[in-house]
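Engineer: Protein chains in written order, with the working numbering: chain A, 1 to 423; chain B, 1001 to 1426.
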Amino acid sequence: MLDATNQKSCNASNIIVLETDDTIAKRLSMSIWAKTNMRPHVVPTALAGIAYLKEQRRTVFAASVKLNAPEANLLLDELTRNGVPVVAYGEEFNQNTHTQYSTLSISAFIPGKPTGMPHAVGEALSRMVRNRDITILVVDDSRSMSSALTRFLSTRCYKTIKASDGIEALKQLEKHPEIKLVITDNEMPNMDGFTLVKEIRKQYTKDDLAVIGMSAKTNSMLSVRFINNGANDFLHKPFVKEELFCRVDHNVEMLNRIEIIRDLSNKDPLTKLYNRRYFFDNCDVFIADADVDNQSITVSMIDIDQFKQFNDTYGHDVGDDVIMSVAHLIRSEFTNDAIVCRFGGEEFCILAAHSQGEDIFARYDKLRRKIESSPMDVDGKPVTVTVSMGVCTEDGTITDRIKQADSRLYVAKETGRNRVVMA
Amino acid sequence: MGNGTILFVEDSKFFASMVQRRIQNELGIEVDWKATYAEAVKAIDCCADDYIVALLDLTLPDAPNGEIVEYALKNKIPSIIFTAGFDDKTRNRFLSWNIVDYILKDSSTCVDTLLHAIQRISKNRNIKVLVVDDSKTMRDAIVRLLGTQLYEVLEAADGLEALELFGQNPDIMMVITDYDMPNMDGFELIKTLRKNHTKNELAIIGMSASGDPLLSARLIKSGANDFVPKPFQVEEFHCRVGHSIEMLENIALIKDLSYKDPLTRLYNRRYFFESADTFIETTKQKRQAYCVAMLDIDHFKNVNDTYGHDAGDEVLKSVSSIIAMCFPEDAIVSRFGGEEFCVLMSYAPGTDIIAPFDGLRESIKASSVNVDGTTIAVTVSTGICCEPDSLEAMLKLADNRLYTAKETGRNKVVSKPPLSNLRDRN
Chain A
1 MLDATNQKSC
11 NASNIIVLET
21 DDTIAKRLSM
31 SIWAKTNMRP
41 HVVPTALAGI
51 AYLKEQRRTV
61 FAASVKLNAP
71 EANLLLDELT
81 RNGVPVVAYG
91 EEFNQNTHTQ
101 YSTLSISAFI
111 PGKPTGMPHA
121 VGEALSRMVR
131 NRDITILVVD
141 DSRSMSSALT
151 RFLSTRCYKT
161 IKASDGIEAL
171 KQLEKHPEIK
181 LVITDNEMPN
191 MDGFTLVKEI
201 RKQYTKDDLA
211 VIGMSAKTNS
221 MLSVRFINNG
231 ANDFLHKPFV
241 KEELFCRVDH
251 NVEMLNRIEI
261 IRDLSNKDPL
271 TKLYNRRYFF
281 DNCDVFIADA
291 DVDNQSITVS
301 MIDIDQFKQF
311 NDTYGHDVGD
321 DVIMSVAHLI
331 RSEFTNDAIV
341 CRFGGEEFCI
351 LAAHSQGEDI
361 FARYDKLRRK
371 IESSPMDVDG
381 KPVTVTVSMG
391 VCTEDGTITD
401 RIKQADSRLY
411 VAKETGRNRV
421 VMA
Chain B
1001 MGNGTILFVE
1011 DSKFFASMVQ
1021 RRIQNELGIE
1031 VDWKATYAEA
1041 VKAIDCCADD
1051 YIVALLDLTL
1061 PDAPNGEIVE
1071 YALKNKIPSI
1081 IFTAGFDDKT
1091 RNRFLSWNIV
1101 DYILKDSSTC
1111 VDTLLHAIQR
1121 ISKNRNIKVL
1131 VVDDSKTMRD
1141 AIVRLLGTQL
1151 YEVLEAADGL
1161 EALELFGQNP
1171 DIMMVITDYD
1181 MPNMDGFELI
1191 KTLRKNHTKN
1201 ELAIIGMSAS
1211 GDPLLSARLI
1221 KSGANDFVPK
1231 PFQVEEFHCR
1241 VGHSIEMLEN
1251 IALIKDLSYK
1261 DPLTRLYNRR
1271 YFFESADTFI
1281 ETTKQKRQAY
1291 CVAMLDIDHF
1301 KNVNDTYGHD
1311 AGDEVLKSVS
1321 SIIAMCFPED
1331 AIVSRFGGEE
1341 FCVLMSYAPG
1351 TDIIAPFDGL
1361 RESIKASSVN
1371 VDGTTIAVTV
1381 STGICCEPDS
1391 LEAMLKLADN
1401 RLYTAKETGR
1411 NKVVSKPPLS
1421 NLRDRN
């Protein structure tokens, strides 16, 4: 079940900013806008903030609150009541403030002086914006524990899904492939946490799906066993909110970075299509999978017609725009059932799988027509872009297939361009 | 870690050959496999120094009680243990040894974990960690743990001492600090370090006490990347330390990947434009002159069309490496896209700046690229601008001169106006 708490506010796009000092408010607003692209709405008093919240509840994503502003507590209560996550600043972090604010919907607490504060507030909010795309599975048979966890996580705008034991967790994982992180207890009926981690690791690597095991402080051997069984991390119970956030954020960031590294190594920076290396490293597996599914394979070479003229006439920047636009159109026609790659310059290569009976020529020709009928906007003037394609439908090694497609591309170019040659 | 070999002692031939194959394929490290204790001892007696790490099965037919581990450790070979059985008693034995890690054979990820551990320790030798704690006992324990993973470790007894050591060793990657210390406590130390080093540059782990959960929260708020409550289990400690180090490595890798062209390893356009201003500023402060050059491989499209993209890539790589070697290390040598390169470099005013570019032209002409037995000849055209102006204007001028070089026969360097005029102007 998808947890609905805060879901509403996490889709909105206004941020309430309670700050009494004009100059600081301005700096805060700029930082928030730059980092989140959300509209900061500055309120000089807590009461003005409450009024705005009542009026605009649906559009409020989060709030930034100066804790030592007069009557800030009233606004904090109202925000908490409405489930709006808050980034707080303006006081030191200590036992006092911690106790005072621990029950409120405070997502991040920025202690210290205002010099770096606007930056830190912007960062915290932008993290919340990114978190909206991240789904966490919470596995615990104790309802109160899993409710507390999901409540904490939702103050940071994470999406959460609950499961009450290992078996249910595995089912949820299958149903929701978007899950990035699993937080699991150990002692549960039907299937315990250790077994769950072991089962998860048969299918997902640590780089694809992170697991945090929860263990009791009284028995830290539990965390040892979680680690040995393949958990990425562990969390001792009981924990304070900051400990949970530290663990969760670290693991989510770790996965994000690994994904960025993969993209940087496998994709062309301009078009975000796969690069040649990825293409050649993965074509064999792709073809083998298609064989298993009884699909037929085509390899096609696509080249933008008279591309050099774009570069020479309008400059490299327009040339880049043309390449990006064509790349985008190719990807819109060939998605999951193909590896679409930029071979270099203005040349693309597609390795595609087709179901039996599919009209392959029609599919490629549809792409050709789509490109022809999507003119580029160059300085306000429409400029038509066309491509030539050579398609190889025959079996053979990948090198042979590419060669065949390439010689058909040559024929397409020689016989007038803007056409698909398949035989 | 050099080009050493991995000693692998394991009696199951099936498991051994699988692990051996994966290590050789994925890490490119040679594996010396021994099936018995006797054979392994002989290998260690002969060539202990050749082994960078030993992978040891705890139970061997002729040595069922981990004798091989003690023998390898006695010969100072970093050791990773494989074990099928695991209980508190086995674990206590592992902890009493100075081993790198132990790996449970029954887990589906055990070979992945192993490869990861080998990679980890080969990197750790170049990673400096500073341990700050006023308790000598605690410090010794942590230093020992980091030592098993081959980190280079420095020690300080309080915050002040830590700052002093940090000044002498700016390449420290991680600080592990206690919170309660004389002179300067952990919170102060973290705050001071954070003034000049972000969480993405320097990892700080605070040691808290598990009795007070708020301590971890305070350490994080002060700027620690992470915390380890005392007392801790060894595995927990390694998990935290490993994560933080990997975080820094991933950030550095992302930076590198986003600023460098993957094919030629030269800087990309983005890096050029992001760092050009600072470069020019520094050059001016040093009272040096600077120039911008645009270079383009002649008839490159012919190479691609005639010999294919792979050959084209080889040509790009070869030309790039010649260009990279030709300029001082601080020059920004970048690939702008396709077959086009841009160099921003500083030089002593009055020196002949055309000569090195002409020398570069010569060396590229003299080089040739061999692809599948075919020799491909390569030349470049170059346009240089040394007249100080806005970067944009200088690039444009250099580009125009590159065009002139192409129009007037290629394989040449164009740099009008001549250097003598420039000197007069200065």
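Every residue, glycine too, gets a C-beta built ideally from N, C-alpha and C.
The structure displayed is predicted, hence computed values, not measured ones.
Could you tell me if the beta carbon of arginine 368 of chain A falls within a distance shorter than 6 Å of some heavy atom in the ligand ATP?
Structural biologist: The ligand ATP is not part of this structure, which contains no ligands at all.
Engineer: Return helix, strand or coil for tryptophan 33 of chain A, following the three-state DSSP convention.
Structural biologist: Of the three classes helix, strand and coil, the one that applies to tryptophan 33 of chain A here is helix, per DSSP.
Engineer: Express the C-alpha separation of lysine 1301 of chain B and leucine 1419 of chain B in angstroms, rounding to a whole number.
Structural biologist: Note that leucine 1419 of chain B scores a pLDDT of 42, beneath 50, so its modelled location is shaky; the value from the coordinates is reported in the next line. Those two C-alpha atoms are separated by around 33 Å.
Engineer: Under 9 Å Cβ-Cβ, which residues of chain A neighbour isoleucine 1099 of chain B?
Structural biologist: Within chain A, no residue comes near isoleucine 1099 of chain B; the closest Cβ sits about 14 Å away, beyond 9 Å.
Engineer: Could you tell me which residues DSSP pairs with phenylalanine 334 of chain A in its beta bridges?
Structural biologist: Note: phenylalanine 334 of chain A sits in no beta bridge, so no partner.
Engineer: Name the residue from B/Val1031, B/Phe1008, B/Ser1012 and B/Lys1013 whose alpha carbon lies nearest to the alpha carbon of valine 1041 of chain B.
Structural biologist: Comparing Cα positions, the closest option is B/Phe1008.
Engineer: What are the boundary residues of the alpha helix (DSSP H) that alanine 1238 of chain B is part of?
Structural biologist: Note that residue 1238 of chain B is histidine in the sequence shown, not alanine. 1234-1259 is the span of the alpha helix (DSSP H), which, as asked, contains histidine 1238 of chain B.
Engineer: Using CA atoms only, rank isn't needed, just tell me which of B/His1116, B/Phe1227, B/Asp1049 and B/Asp1180 is closest to valine 1100 of chain B.
Structural biologist: Taking only the C-alpha atoms, the option nearest valine 1100 of chain B is B/His1116.
Engineer: What does the Cβ neighbour count give for histidine 1243 of chain B, buried or exposed, with the cut at 16 atoms within 10 Å?
Structural biologist: Histidine 1243 of chain B is buried by the Cβ-count criterion.
Engineer: If I follow the unbroken beta strand (DSSP E) through valine 60 of chain A, where does it start and stop?
Structural biologist: Per DSSP, valine 60 of chain A belongs to the beta strand (DSSP E) from 60-66.
Engineer: Three or more C-beta pairs under 8 Å: does that hold for the segment 213-230 of chain A against the segment 1223-1234 of chain B?
Structural biologist: They touch, by the three-pair rule.
Engineer: Excluding sequence positions up to five away, which residues of its chain have a Cβ less than 6 Å from the Cβ of aspartate 1178 of chain B?
Structural biologist: Correct list, in chain order: Asp1133, Gly1186 and Met1207.
Engineer: Going by other Cβ atoms of all chains shown within 10 Å of its Cβ, with 16 needed for buried, is glycine 1211 of chain B buried or exposed?
Structural biologist: The residue in question, glycine 1211 of chain B, is exposed, as its Cβ has fewer than 16 Cβ neighbours within 10 Å.
Engineer: Give me the Cα-Cα distance between leucine 170 of chain A and arginine 151 of chain A, rounded to the nearest whole angstrom.
Structural biologist: So the alpha carbons of these two residues sit roughly 22 Å apart.
Engineer: Below 7 Å CB to CB, which residues in the same chain sit around tyrosine 1071 of chain B once its five sequence neighbours on both sides are set aside?
Structural biologist: Excluding sequence neighbours, tyrosine 1071 of chain B sits near Val1041 and Ile1044.
Engineer: Going along chain A in order, which residues have a C-beta closer than 8 Å to the C-beta of methionine 1247 of chain B?
Structural biologist: Going along chain A in sequence order, the residues near methionine 1247 of chain B (Cβ under 8 Å) are His250, Glu253, Met254 and Arg257.
Engineer: Would you call the CB atoms of valine 87 of chain A and serine 64 of chain A closer than 7 Å?
Structural biologist: Their beta carbons are under 7 Å apart, which means valine 87 of chain A touches serine 64 of chain A by this criterion.
Engineer: Among A/Glu394, A/Arg58, A/Gly122 and A/Thr59, whose alpha-carbon lies nearest the alpha-carbon of alanine 25 of chain A?
Structural biologist: Checked all of A/Glu394, A/Arg58, A/Gly122 and A/Thr59; the closest Cα to alanine 25 of chain A is A/Gly122.
Engineer: Give a yes or no on whether the minimum CB-CB distance between isoleucine 261 of chain A and chain B is below 7 Å.
Structural biologist: Yes - at least one Cβ of chain B is within 7 Å of the one on isoleucine 261 of chain A.
Engineer: Does arginine 201 of chain A have its Cβ less than 7 Å from a Cβ in chain B?
Structural biologist: For arginine 201 of chain A, the answer is yes, since a Cβ of chain B falls inside 7 Å of its Cβ.
Engineer: I want to see whether chain A comes within less than 7 Å of histidine 1217 of chain B, judged by CB atoms only; does it?
Structural biologist: The amino acid at residue 1217 of chain B is misidentified as histidine; the sequence shows alanine. So, interface residue.
Engineer: Among residues of its own chain, excluding the 5 on either side of cysteine 1239 of chain B, which ones have a beta-carbon nearer than 7 Å to its beta-carbon?
Structural biologist: Cβ neighbours of cysteine 1239 of chain B beyond the five flanking positions: none.
Engineer: In three-state DSSP terms, what is alanine 1040 of chain B?
Structural biologist: The answer is helix: DSSP assigns alanine 1040 of chain B an H, G or I state.
Engineer: Pick helix, strand or coil for leucine 1058 of chain B, following the three-state DSSP scheme.
Structural biologist: Three-state DSSP puts leucine 1058 of chain B in coil, outside helix and strand.
Engineer: Judging by CA-CA distance, which residue of B/Ala1366, B/Ala1203 and B/Arg1218 is the nearest neighbour of tyrosine 1209 of chain B?
Structural biologist: Correcting the residue type first, residue 1209 of chain B is alanine in the shown sequence and not tyrosine. That would be B/Arg1218, whose Cα lies nearest to the Cα of alanine 1209 of chain B.
Engineer: Starting from the C-beta of aspartate 1424 of chain B, find all residues in its chain whose C-beta is less than 6 Å away, skip the five residues before and the five after it, and write them out in chain order.
Structural biologist: With a pLDDT of 40 at aspartate 1424 of chain B, under the threshold of 50, the modelled position of this residue cannot be trusted; read the value that follows with caution. Excluding residues within five positions, none has a Cβ falling inside 6 Å.
Engineer: Using only the alpha-carbon positions, how far apart do isoleucine 1427 of chain B and glutamate 1314 of chain B sit?
Structural biologist: Residue coverage of chain B in this structure runs from 1001 to 1426, which leaves residue 1427 of chain B outside it and unanswerable.
Engineer: Have a look at isoleucine 304 of chain A and valine 326 of chain A and give me their C-alpha separation to the nearest angstrom.
Structural biologist: Approximately 8 Å between the Cα atoms of the pair.
Engineer: Measuring only the C-alpha atoms, how far is alanine 1252 of chain B from aspartate 263 of chain A?
Structural biologist: Computed Cα separation, rounded: 15 Å.
Engineer: How big is the Cα-Cα spacing for phenylalanine 226 of chain A and asparagine 186 of chain A?
Structural biologist: Going from the Cα of phenylalanine 226 of chain A to the Cα of asparagine 186 of chain A covers about 9 Å.
Engineer: Answer with yes or no whether the minimum CB distance from proline 70 of chain A to chain B is below 7 Å.
Structural biologist: No, because no Cβ of chain B sits closer than 7 Å to the Cβ of proline 70 of chain A.
Engineer: Compare the C-beta of proline 1182 of chain B against all C-beta atoms of chain A and say whether one is closer than 7 Å.
Structural biologist: So, not an interface residue.
Engineer: Please check if any C-beta of chain A sits within less than 7 Å of the C-beta of cysteine 1239 of chain B.
Structural biologist: Closer than 7 Å: yes.
Engineer: Thinking C-beta only, is leucine 1266 of chain B closer than 7 Å to serine 1334 of chain B?
Structural biologist: Yes.
Engineer: If you compare alpha carbons, which of A/Ala353, A/His328 and A/Glu347 is closest to aspartate 284 of chain A?
Structural biologist: Per the Cα distances, A/Ala353.
Engineer: Given this structure, state the Cα-to-Cα distance separating serine 1108 of chain B from arginine 201 of chain A, to the nearest angstrom.
Structural biologist: The alpha-carbon atoms of serine 1108 of chain B and arginine 201 of chain A are separated by roughly 7 Å.
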